[in-house]
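Here is the structure we will look at, set down as structure tokens.
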Amino acid sequence: MKADILLGLQWGDEGKGKIVDVLAPDYDIVARFQGGPNAGHTLEFDGRKHVLRSIPSGVFAKGSVTNVIGNGVVLDPVLFRKEAAELEADGVDLKAILKISKKAHLIMPTHRLLDAAGEAAMGSAKIGTTGKGIGPTYADKISRHGLRVGDILDANFDGIYTAAKESHLRTLRNLGANVDMAAFGSAEEEWLDALDYLRTFDLADTEHYVNKSLDEDHSILCEGAQGTMLDIDFGSYPFVTSSNTVAAGACTGLGLAPRRIGRVYGIFKAYCTRVGSGPFPTELFDATGEEICSIGHEFGAVTGRKRRCGWLDLVALRYAVMINGATHLIMMKSDVLDSFESIKVCNAYRLPDGTITRDFPFCVGRNAAGEADVEPIYETFPGWLTVMSSARKKKHLPQAFLDYVAYIEEQVGVPVAIISVGPDREQTIMLNE
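In this note's numbering, each residue carries its 1-based index in the sequence shown increased by 11.
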């Protein structure tokens with residue numbers, strides 16, 4: 012048995028949570044492999060909306076699906092407790108179906124302070140983080156100063172935590188940050204109390220669990236957060252997240268060897284969005300961009316931040332497909348473009364020296380303002396002018412839309428396997444059925 016991967020091919024917010032929820036009943040295990048509570052995965056069914064932050068999107072699957080928070084995730088105990096309480100209120104027996112890696116790193120209260128201080132120090136060149144302490148936590152991990160979930164079981168945890176906290180406070184003083192110690196004390200008390208709740212879960216050596224599960228022919232779906240173009244190595248650096256969002260991140264974030272990977276499902280929207288600062292070659296600054304934003308309800312599931320909107324970028328998509336070795340594509344939010352008479356797709360860039368390229372170049376995002384530094388070259392397609400949300404099978408899809416899909420498949424060299432025509436799990440079309 013091999014583990015399948017499901018991840019984003021753009022700048023995040025592609026709709027991964029919905030598709031994991033749709034696919035989860037076909038798997039024994041759903042395992043989140045990177046990211047933190049800055050990533051909101053939205054699921055809609057039975058007339059209700061659910062937003063998951065750190066907990067895998069397989070928790071609503073009926074049956075005996077086990078969910079795993081892998082070692083590549085950074086976990087905020089306070090936000091985890093809040094998220095878990097909401098699920099338990101909805102009737103989810105979370106303690107029975109969730110395993111948490113002892114090697115996952117903990118987001119401390121001081122990490123949030125470091126995040127805010129770092130952004131403030133960068134001024135107009137700030138990355139546009141969510142302020143949840145994700146970057147500083149990963150920085151501690153890489154510099155070998157991090158706290159891990161397994162540390163809360165150590166008899167000397169108080170000493171380990173105090174040493175890390177004092178180091179952070181010294182750094183904040185050196186940055187000239189004005190720390191409200193009274194407010195920090197309250198946040199710290201809440202954090203320590205949340206650790207007691209975290210200790211009631213199955214804290215496990217999950218790398219052994221997932222590998223033994225594959226040996227026993229159990230199926231695994233690895234769930235990614237954010238998107239390929241936010242990968243710390245291959246994204247539009249430095250305007251990226253702090254982890255490896257690509258398929259290789261499932262190996263390091265769960266402890267799986269490359270030979271144990273099977274299908275790679277890559278998700279993308281029928282257009283593009285981006286949150287925060289950084290390059291976005293196809294961004295629209297006109298009424299069309301605003302219309303896409305309005306129809307698509309393009310606001311962050313966790314932060315509420317408005318997303319920047321633009322046409323589909325096939326240069327970036329081809330790049331993401333290559334980096335991930337995507338085997339199946341999933342197109343989301345097709346219905347958002349229902350009312351557009353014409354739709355544009357970028358299939359090449361014009362570089363500053365006038366050169367035309369179909370390959371995603373290093374220069375994107377390297378100027379001080381984080382602008383694209385390339386000019387998108389577009390193809391224009393007729394809109395389908397059809398209410399897609401009512402479609403339930405491939406035969407219900409308009410020909411103009413199928414032509415749009417065929418062009419994307421031709422350009423990236425990978426078939427589109429699933430089409431989403433609305434937010435509900437029922438508004439999903441399997442093209443191979």
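Where is the CB? At the ideal position from N, CA and C, for every residue including glycine.
The criterion of a C-beta distance shorter than 7 angstroms is not satisfied by residue 403 and residue 338.
The C-beta distance from residue 55 to residue 372 rounds to 37 angstroms, too long to meet the 8 angstroms contact threshold. A distance below 6 angstroms between beta-carbons, with the five flanking residues on each side excluded, links residue 87 to the following residues of its chain, in chain order: 48 and 118. The secondary-structure analysis by DSSP pairs residue 64 with nothing; it has no beta-bridge partner. Shortest Cα-Cα distance from residue 53 to any of 295, 71, 153 and 357 involves 71. Counting other Cβ atoms within 10 Å of its Cβ, residue 369 stays below 16 and is therefore classed as exposed. CA-CA distance, residue 272 to residue 259, rounds to 10 angstroms. Here residue 357 is bridged, per DSSP, to 324 and 389. Residue 233 carries a strand assignment under DSSP once its states are collapsed to helix, strand and coil. Around the beta carbon of residue 438, a 10 Å sphere encloses 16 or more other beta carbons of the protein chains shown; the residue is thus reported as buried. Burial is judged here by how many other beta carbons sit within 10 angstroms of a residue's own beta carbon; residue 76 has at least 16 and is buried. When C-alpha distances from residue 408 are compared across 426, 431, 23 and 297, the shortest belongs to 431. Following the DSSP letters along the chain, one finds residue 374 in no beta strand (DSSP E), marked with neither H nor E.
No Cβ-Cβ contact shorter than 7 angstroms links residue 247 with residue 287. Between the beta-carbon of residue 341 and that of residue 440 there is about 10 angstroms, and that puts the pair past the 8 angstroms contact cut.
Residue 175 has its alpha-carbon roughly 18 angstroms from the corresponding atom of residue 191. Here the C-alpha atom of residue 151 lies approximately 13 angstroms from the C-alpha atom of residue 254. Taking C-alpha positions only, residue 389 is separated from residue 25 by approximately 22 angstroms.
Membership of residue 152 in any beta strand (DSSP E) is not indicated; the residue belongs instead to the alpha helix (DSSP H) covering 145 to 153. The Cβ neighbour count for residue 291, taken over all protein chains shown within 10 Å, is at least 16; the residue is labelled buried.
Buried is the label assigned to residue 116, since at least 16 other Cβ atoms lie within 10 Å of its Cβ.
Here the alpha carbons of residue 166 and residue 285 stand approximately 44 angstroms from one another. With respect to residue 264, residue 81 sits close: the two C-beta atoms are nearer than 7 angstroms. In the DSSP annotation of this structure, the continuous segment of the alpha helix (DSSP H) that includes residue 197 starts and ends at 192 to 209. Taking 8 angstroms as the upper bound for CB-CB distance, residue 235 and residue 45 are in contact here, some 6 angstroms apart. The beta-bridge partner set that DSSP reports for residue 173 is empty. Taking 7 angstroms as the cut-off, the Cβ atoms of residue 16 and residue 261 count as close.
The residue among 442, 365, 347 and 398 with its C-alpha nearest the C-alpha of residue 386 is 365.
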